[in-house]
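Per numbering that gives the first Met the number 0, the sequence shown runs over residues 0 to 463.
Don't be surprised by glycine CBs; every beta carbon is placed ideally from N, CA and C.
Scroll down for the structure; my scribbles are underneath it.
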Amino acid sequence: MALLHKIGQSDSESVYDAYAQKPSEGTIAKYKMPDDSHDPEVITDLILDELLLDGNAKQNLSTFCQTYADPYIRKIMDACIDKNMIDKDEYPQTAEIERRCVQILADLWNSPESKTTIGCSTIGSSEAAMLGGLAMKWRWREKRQKEGKPTDKPNLITGPVQVCWEKFARYFDVELREIPMEHDRLLMTPEEVIKRIDENTIGVVPTFGVTFTLQYEPVKEISDALDDYQKRTGLDIPIHVDGASGGFIAPFIQQDIVWDFRLPRVKSINASGHKFGLSPLGVGWVVWREESDLPKDLIFNVNYLGGEMPTFALNFSRPGGQIIAQYYNFLRNGRKGYERIHKACQEHGMFIAGEIEKMGIFDILYDGSTGIPGAAWMLKKGTDLGFNIFDLSDRMRVRGWQIASYTLPVNCQDMAIQRVLIRHGFSHDMAQLLIDDLQRSIEYLRKNPMTHSLDEKTAGGYHH
Ligand SMILES: Cc1ncc(COP(=O)(O)O)c(C=O)c1O
């Protein structure tokens, strides 16, 4: 049978190839805008090709942030690409959905006034932490002014914190009293907090899921100690919990830990929707225990359905899709779904910690069971295997794995640790593949010992 051939295609169309025409043939513009326009498909291909050199997000075990999105989240993000969440009047339903998310979180975190309390979305936990910090500073200053006392030396007490709190302290002129780690104490303790308090303390920030070790700081014990301190001194010190990760984990899989608004001293909580909240990058949350915990003069009003809506933010324009995706996650997963997802991650983290312990050359610092899903370990002290933890991370990169390796902060800088985070989208099979690759990498490095080991700087990072 004769084949039908379509004719009439011009020569130039039939020989079209994205890689055989300008600008693919030469170098693309990098630091100056080109004079002329180009074919969007060709440009997209070129940019996407370049991005292949980025790490594979699923194998990025350094990040706390979500790297998995189901097709429905992608659909929502696509539909919402043009929604600016600050335009409350133009996108009133986006504003309404943001409001519902705040209420859902206030309820999840046991606010006694979850229906009336106040909170907002942010671009992430960093912005949310700044807002929580500002509210503490404002409340402290108001009180001091009323008492006719000086307000020029506010301080904030934290354990080993994420850099956002260092930023808050520097940008908003607050002295950071960060409790340094010790070899036998990697977290904040009530005793260490009490030692550092004075009348200028605007608040205490326990981290509920410490970035370095994934463990939870003991919020209840600190709250109890502050109750006792108030009885003795009259000073009433509020707590803001940095629940960047734990705020979206403990309510589902560690319900016995009392860390949230059940403690009256906890006045505000921040968490990252884009971490264990399971939403795409670009959403965090901060919620106050009761409306009165957020000073009124920090609030700006924007137009909303012919009326006014209170806002508190460092940014103005911000994408709305992440907020809608957060609401989707709440409805889609429900409490049971979040529990199933985080439990699976917790089990994979514990499996990895167990397998690593069996290798016999590591000390487990965190076994994945009581904090954020994941694991942390370090080479046993005094073992000389011909490589260090940074060499091992570097070797693992050959198979695409990105594993954070870093030294702990002051007083524990001699401790170089490796840490993996296990997030939604990671399976038991992947955990086994990771372990197999670790074993292979260790064997390789033992056979080929390093003549010049890498250090934290030369290893090139993953130390969030
Ligand atoms: C404890 C803690 N606080 C704050 C942050 C900052 O969060 P974000 O990246 O959402 O701004 C992080 C990030 O990892 C964190 O672990």
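Those residues which DSSP pairs with residue i across a bridge
i, result
"histidine 239", "Ser267"
"threonine 232", "DSSP lists no partner for threonine 232."
"aspartate 428", "Aspartate 428 pairs with nothing; no bridge assigned."
"methionine 377", "Asp362"
"glycine 158", "Paired residues: none, contrary to the question."
"glycine 306", "Tyr303"
"phenylalanine 389", "DSSP output for phenylalanine 389 lists no bridge partner at all."
"glutamate 181", "Arg184"
"tyrosine 215", "Phe207"
"alanine 318", "One point to set straight first is that residue 318 is proline, not alanine, in the sequence displayed. Answer is Asn83."
"glycine 25", "Answer by DSSP bridge pairing: none, since glycine 25 is not bridged."
Residue i, DSSP secondary structure in three states
i, result
"glycine 245", "helix"
"alanine 78", "helix"
"serine 61", "coil"
"aspartate 223", "helix"
"methionine 135", "helix"
"cysteine 100", "helix"
"tryptophan 164", "helix"
"glutamate 289", "coil"
"alanine 324", "helix"
"glycine 118", "strand"
"asparagine 55", "coil"
"leucine 175", "strand"
"valine 41", "helix"
"valine 301", "strand"
"isoleucine 416", "strand"
"isoleucine 256", "coil"
"alanine 312", "coil"
"glycine 283", "strand"
"proline 70", "helix"
"serine 404", "strand"
"isoleucine 201", "strand"
"aspartate 196", "The amino acid occupying residue 196 in the given sequence is isoleucine; aspartate does not appear at that position. Correct three-state label for isoleucine 196: coil."
"phenylalanine 275", "coil"
Best match in the options for proximity to residue i [C-alpha to C-alpha]
i, options, result
"isoleucine 441", "Gln401, Met395, Asn410, Val286", "Met395"
"phenylalanine 464", "Asn410, His427, Gln438, Pro448", "One cannot answer for residue 464 here, as it falls past the ends of the chain, which runs 0 to 463."
"asparagine 300", "Met308, Gln401, Ile340", "Met308"
"glutamine 144", "Ser222, Glu198, Arg73", "Glu198"
"leucine 293", "Tyr170, Arg331, Glu141, Leu262", "Glu141"
"glutamate 89", "Gly370, Ser316, Cys64", "Ser316"
"threonine 116", "Glu289, Ile75, Thr150, Val218", "Glu289"
"glutamate 190", "Asp34, Ile221, Gly336", "Ile221"
"leucine 277", "Gly424, Ser392, Thr150, Thr232", "Gly424"
"histidine 427", "Tyr365, Cys344, Gly305, Ser452", "Cys344"
"glycine 123", "Gly158, Gln92, Trp284, Lys357", "Trp284"
"arginine 176", "Phe260, Gln92, Val204", "Val204"
"glycine 158", "Ile75, Pro91, Lys194", "Lys194"
"isoleucine 340", "Glu455, Ile252, Asp366", "Ile252"
"glycine 233", "Ile196, Leu52, Lys266", "Ile196"
"methionine 187", "Phe211, Tyr170, Tyr15", "Phe211"
"methionine 358", "Asp34, Asp436, Phe247, Pro39", "Asp436"
"aspartate 48", "Lys456, Gly132, Ile27", "Ile27"
"aspartate 390", "Gly131, Ser452, Cys100, Ile363", "Ser452"
"leucine 51", "Gly399, Lys74, Ser291", "Gly399"
"glycine 305", "Asp151, Leu444, Pro91", "Pro91"
"alanine 458", "Lys446, Ala403, Asn410, Leu420", "Ala403"
"aspartate 151", "Lys446, Trp164, Trp137, Gln161", "Trp137"
"lysine 335", "Leu384, Phe247, Ser267, Asn269", "Phe247"
Other residues of its chain near residue i: CB distance less than 8 Å, five sequence neighbours each side excluded
i, result
"lysine 166", "Ser125, Met129"
"tyrosine 443", "Arg394"
Chain-order list of residues whose beta-carbon lies under 7 Å from that of residue i (same chain, five-residue window excluded)
i, result
"glycine 202", "Met135, Leu155, Ile236, Pro237, Ile238, His239"
"alanine 430", "His347, Phe350, Ile351"
"isoleucine 484", "Outside the shown range of the chain (0 to 463) lies residue 484, about which nothing can therefore be said."
"phenylalanine 361", "Ile355, Trp376, Met377, Leu378, Lys379"
"lysine 219", "Val257, Trp258, Leu262"
"threonine 66", "Ala56, Lys57, Asn59, Arg422, Gly424"
"alanine 105", "Ser113, Thr116, Gly118, Val286"
"lysine 342", "Ile252"
"methionine 76", "Pro279, Gly320, Ala324"
Cut-off 6 Å between Cβ atoms - residues of its own chain near residue i, not counting five sequence neighbours on either side
i, result
"phenylalanine 207", "Tyr215, Val240, Gly242, Gly245, Trp258"
"cysteine 119", "Phe311"
"glutamate 174", "Asn154"
"alanine 94", "Lys87"
"proline 250", "Leu107"
Cβ contact (3+ pairs, closer than 8 Å) linking the segment 316-325 and the segment 77-84: yes
Cβ contact (3+ pairs, closer than 8 Å) linking the segment 264-278 and the segment 362-370: no
Does the segment 226-233 come close enough to the segment 419-439 to have 3 or more Cβ pairs within less than 8 Å? no
The segment 410-421 touching the segment 166-181, judged by at least three CB pairs closer than 8 Å: The segment 410-421 is in contact with the segment 166-181.
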